[in-house]
Amino acid sequence: MDLAAVFDVLPTPYAVLDTDLRFVAVNRAFLETSGRPRHELIGRLVFDVFPDNPDDPGTHATANLEASLRRVLRTGRPDTMPLQKYDVAGPDGVFRPCWWSPVNAPVLDEAGQVVLLLHRTENVTGYVTERQAQRFDPGVDLYDLPEDRYRAEADLYVRGQELRAALTAEAVLAERLAGTVQVALQLSGAQSVAELTDIVIGSGLGVLGAGGGAVAVRTPEGDALELTLTDSLGERARRTFQRVPLDSPLPVAVAAATGEVVVLRDLEAALGFTPQMQEVVTSTGLGTWVSLPLQAAGRSVGGLTIGWRGPQDFTDRDFELMRAYAGQCAQSLAALQAHEQERRVAGEQRRLSEALQRSLLTAPFEPDHLQIAVRYLPAATEAQIGGDWYDCFLAPSGTTTLVVGDVAGHDRDAAAAMGQVRNLLRGVSIALGEPPAAVLAALDRAMHHLGVGVIATAVLAQVEQGAAEKAAGLRTLRWSNAGHPPPVLIAPDGTARLLQAQPDVLLGLNPDAERADHATALEPGSTVVLYTDGLVERRDAPLQDGLEWLRATLEQLHHLSAEELCDALLARLDGSPEDDVALLVLRAHPEDGPRPAEAGPQVLPPAEPGAAPPVGQP
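If you're matching positions, the sequence shown starts at 0 in numbering that gives the first Met the number 0 and goes up one per residue.
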């Protein structure tokens, strides 16, 4: 809280003195009451600025004030002075009779020592003058009133007036300060201009009795204002004043265009400002208006307009409050606009990157009796996209090859690099015709020599079937893992296990790294699940927990088809994923019957001459 600003707007005159009785600070009310500018006070001894009236030495004004201040310095306790006649010289040097009600209080440091004095005083000259006149009024039996009783009565009256004024002013000030803080907190969380408008007009300026208002935002072209009105102004006003040209004569447009505050204190002033105010008054029922410019970072972002039903006698503090809320509104509006612009740009970038990524993730082919389903799920973060990919293709030998990988990074460069690595892997695999470990090793070397400067993880798996296996209706799953989460194998009975083995080094780190193959039987009815880490990694949980969740969930879903399993698995995620997810599910159907309908139509490229028949073909 800005305590200096609070001190300055207190309605009672206050001065701060140092221990040498020199002025350190004074508030606005003290300057108005004393008739002195600030530069004539600060740093000067209080009695040099306000000496005794030489024509009335019997009042002992400076002596009494100094005695009170010295008592405070000595005791460290507040001291309330009796009513004191203390004449003050005007700009012409002539002393004018003045009566004051002073209170002096200490300002202590942490050790309890007095370091400053707080001097509060109230000018009660008007009251005392009136009472003195009554003493000599023949119609008032006060001429024989003892002086001490008169002083006591006057002092009692002054204290009552002071208490009433202080309580009222402090209550109003406290309400406004609390409202300002609350509005600032609410504005920081505003998500729309409509919410911002309701907060400023309703929660903020409600303390001034405002009946409604609107926030006007400059359009991107800058030639018009789009208004968001409070509900209290009614549907007719919202329809009529939804959009206002910047050169409109309406007060809010004038304020936004000129940077000046427009004040229409009553209905007559409103109707006389411009003929268009007739519709404003008729549709809203409000006849008094104040419109303020909204400016942030040196530029105009719009205007704030506030309305009241009846005439208003605004004070300087009222305008200070309205300007404060206008400033808060402008800053929050600018932040909202910047955030919306960031979201639009991020959304466009996201759509472009996702389109690029999806264009590279082609639909899987459909080998006989091997059903393949794939999914790609972008992360929840709008501005990011990763390098996750899946792939499956048929080698010239008829071997079905499956790949899931992840290029490090979350931007368009990562998506583009993913396309390079994916296509390079296809070419290396087709050209070599080797097991997975040899293919990944060759890919690593190719990435190094071609300058594909990225790091990636991947699992490459091949479904093999020799003559003996075909006769027995079996297949072999052979895979190699380059730093990637392990595949999951679901047996025909529904039990699931992680195909865990010591993973080899990531791609892109060491082109000469040795890589290993791993193999397991793939029985008819088995399912293989390959995925990227976005499916199992969570910020608040170890990776092993995510892997166990996946294994247990797949056991629960094992009865579903490959396509259904993909959808059900992604639906089980707790909210949107924090990272992209690429998912590939392979279901090995029995070969002793026709191709299952759920596996889709048979689509097989012809095998090369002399090559072994594709998996599932005689």
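Glycine residues also receive a C-beta, built at the ideal position from the N, C-alpha and C atoms. Everything numeric in this text was worked out from a predicted model, so none of it was measured.
| task | Could you tell me whether the Cβ atoms of G524 and D579 are closer together than 9 angstroms? | result | By 1-based counting over the sequence shown, the position of residue 524 is 525. By 1-based counting over the sequence shown, the position of residue 579 is 580. It is not a contact, given that the beta carbons lie outside the stated cut-off.
| request: Return the residue from the list A88, R322, R594, E547 that minimises the CA-CA distance to D55. | output: Your numbering for residue 55 matches position 56 in the sequence shown. Across the set A88, R322, R594, E547, the C-alpha of A88 shows the shortest separation from the C-alpha of D55.
| request: For the alpha helix (DSSP H) containing G545, list its first residue and its last residue. | output: Here residue 545 refers to the residue found at position 546 of the sequence shown. First-last of the alpha helix (DSSP H) with G545: 542-556.
| query | Nearest to G507 by alpha carbon, out of T456, R514, L16, L20? | reply | Counting from 1 along the sequence shown, the entry for residue 507 is found at position 508. Residue T456 is the option with its Cα nearest to G507.
| request: Report the residue ranges of all alpha helix (DSSP H) runs contained in full by the region 194-239; include only those spanning at least 4 residues, in chain order. | output: Residue ranges of uninterrupted alpha helix (DSSP H) with 4 or more members, entirely inside the region 194-239 and ordered along the chain, are 233-239.
| field | Cross-strand partners of Q370 (DSSP beta bridge) | value | Position 371 of the sequence shown, counted from the first residue, corresponds to residue 370. Bridge partners of Q370: R586.
| query | Under the rule that 16 or more other beta-carbon atoms within 10 Å means buried, what is V427, buried or exposed? | reply | By one-based count along the sequence shown, residue 427 stands at place 428. Answer is buried; the Cβ neighbour count reaches 16.
| field | Endpoints, alpha helix (DSSP H) assigned at G271 | value | Along the sequence shown, one-based indexing puts residue 271 at 272. Here the alpha helix (DSSP H) through G271 covers 266-272.
| said: For T619 and V243, what's the separation of their Cα atoms in angstroms? | reply: What is shown of the chain runs 0 to 617, which leaves residue 619 out entirely.
| Proximity below 9 angstroms, CB of A515 to CB of L335 | For this step, residue 515 is matched to residue 516 along the sequence shown. For this step, residue 335 is matched to residue 336 along the sequence shown. No. Outside cutoff.
| query | For C97, does the three-state DSSP call read helix, strand or coil? | reply | Walking along the sequence shown from the start, residue 97 turns up at place 98. Assigned with DSSP and collapsed to three states, C97 falls in coil, not helix or strand.
| request: Specify whether the region 290-307 and the region 206-219 touch according to this definition: at least 3 beta carbon pairs, one from each stretch, less than 8 angstroms apart. | output: In short, these stretches touch, since the Cβ pair count reaches three.
| query | Given A325, which residues of its chain have a CB within under 7 angstroms of its CB, disregarding the five upstream and five downstream residues? | reply | Sequence index remark: in the sequence shown, residue 325 carries index 326 (1-based). Excluding residues within five positions, the ones whose Cβ falls inside 7 angstroms are L291, L293, L303.
| Does DSSP put H59 in a helix, a strand or coil? | Locating residue 59 in the sequence shown gives position 60, where the first residue counts as 1. Looking at H59 - three-state DSSP - the assignment turns out to be coil, as it is neither helix nor strand.
| said: Closer than 8 angstroms is the cut-off here; do at least three beta carbon pairs connect the region 538-549 with the region 414-431? | reply: No, they do not touch.
| query | Name the DSSP bridge partner or partners of T32? | reply | As a first step, residue 32 must be located in the sequence shown, where it is residue number 33. Answer by DSSP bridge pairing: none, since T32 is not bridged.
| query | Going straight from the alpha carbon of A467 to that of P435, what length do you get? | reply | Stepping through the sequence shown from its first residue, residue 467 is reached at position 468. Stepping through the sequence shown from its first residue, residue 435 is reached at position 436. Pairing A467 with P435, the inter-Cα distance amounts to about 22 angstroms.
| task | Starting from the Cα of A481, find the closest Cα among P10, A215, A441, A296 and give me that residue. | result | For this step, residue 481 is matched to residue 482 along the sequence shown. The shortest CA-to-CA distance from A481 to any of P10, A215, A441, A296 is the one to A441.
| query | Does the region 36-46 come close enough to the region 18-28 to have 3 or more Cβ pairs within less than 8 angstroms? | reply | A contact exists between the region 36-46 and the region 18-28.
| task | Could you tell me which of E220, D246, V251 sits nearest to A213, measuring between CA atoms? | result | Counting from 1 along the sequence shown, the entry for residue 213 is found at position 214. A213 has its Cα closest to that of V251, out of E220, D246, V251.
| said: Quick check on DSSP: helix, strand or coil for S396? | reply: Numbered from its first residue, the sequence shown carries residue 396 at position 397. S396 falls in the coil class under three-state DSSP.
| Local conformation of Q190 per DSSP, three classes | As a first step, residue 190 is located in the sequence shown; it is residue number 191 there, counting from the start. Q190: coil per DSSP, three-state reduction.
| query | Out of curiosity, what's the CA-to-CA distance linking R538 and L553? | reply | Within the sequence shown, residue 538 is the residue found at index 539, counting from 1. Within the sequence shown, residue 553 is the residue found at index 554, counting from 1. Whole-angstrom Cα-Cα distance: 22 angstroms.
| query | Under 9 angstroms, do R237 and G301 count as touching if we go by C-beta distance? | reply | The count along the sequence shown starts at 1 and reaches residue 237 at position 238. The count along the sequence shown starts at 1 and reaches residue 301 at position 302. Between R237 and G301, the CB-CB gap reaches or exceeds 9 angstroms.
| request: Take C328 as the anchor and find which of G432, L476, A437, L204 has the nearest alpha-carbon. | output: Along the sequence shown, read from residue 1 onward, the residue named residue 328 stands at position 329. C328 has its Cα closest to that of L204, out of G432, L476, A437, L204.
| task | Return the chain-ordered list of same chain residues with a C-beta closer than 7 angstroms to the C-beta of G432, the five sequence neighbours on each side being excluded. | result | As a position in the sequence shown, residue 432 is number 433, starting the count at 1. Cβ neighbours of G432 beyond the five flanking positions: A394, P395, S396.
| query | Could you check where the beta strand (DSSP E) with T257 kicks off and where it finishes? | reply | The count along the sequence shown starts at 1 and reaches residue 257 at position 258. Note, T257: premise wrong, no beta strand (DSSP E); alpha helix (DSSP H) at 250-257.
| If L498 sits next to T519, beta carbons under 8 angstroms apart, how far is it from one beta carbon to the other, in whole angstroms? | By 1-based counting over the sequence shown, the position of residue 498 is 499. By 1-based counting over the sequence shown, the position of residue 519 is 520. That belief holds up - the Cβ atoms of L498 and T519 are roughly 7 angstroms apart, short of 8 angstroms.
| task | Name the two residues that bound the continuous beta strand (DSSP E) containing S560. | result | As a position in the sequence shown, residue 560 is number 561, starting the count at 1. First-last for S560: undefined, no H or E at that position.
| request: Return the chain-ordered ranges of every alpha helix (DSSP H) run that is complete within the region 453-526 and spans a minimum of 4 residues. | output: The qualifying runs are 466-471.
| query | Would you say H118 and V48 are within 9 angstroms of each other, going by their C-beta atoms? | reply | Within the sequence shown, the letter at position 119 stands for residue 118. Within the sequence shown, the letter at position 49 stands for residue 48. 9 angstroms or more divides the Cβ of H118 from the Cβ of V48.
| query | According to DSSP, is P435 helix, strand or coil? | reply | On the sequence shown, residue 435 is found 436 positions in, with the first residue counted as 1. Correct three-state label for P435: helix.
| message | At the level of alpha carbons, what is the spacing between L270 and V253? | response | As a working note, residue 270 is residue 271 in the sequence shown. As a working note, residue 253 is residue 254 in the sequence shown. Between L270 and V253, the C-alpha separation is close to 15 angstroms.
| field | Exposure label - L582; buried when at least 16 CB within 10 Å | value | Residue 582 sits at position 583 when you count from the first residue of the sequence shown. Buried: at least 16 other Cβ atoms inside 10 Å.
| message | In whole angstroms, give me the CA-to-CA distance for D573 and V535. | response | Within the sequence shown, numbered from 1, the residue matching residue 573 stands at position 574. Within the sequence shown, numbered from 1, the residue matching residue 535 stands at position 536. Between D573 and V535, the C-alpha separation is close to 11 angstroms.
| Under the three-state DSSP convention, the category F49 falls into | Taking the first residue of the sequence shown as 1, we reach residue 49 at position 50. Looking at F49 - three-state DSSP - the assignment turns out to be coil, as it is neither helix nor strand.
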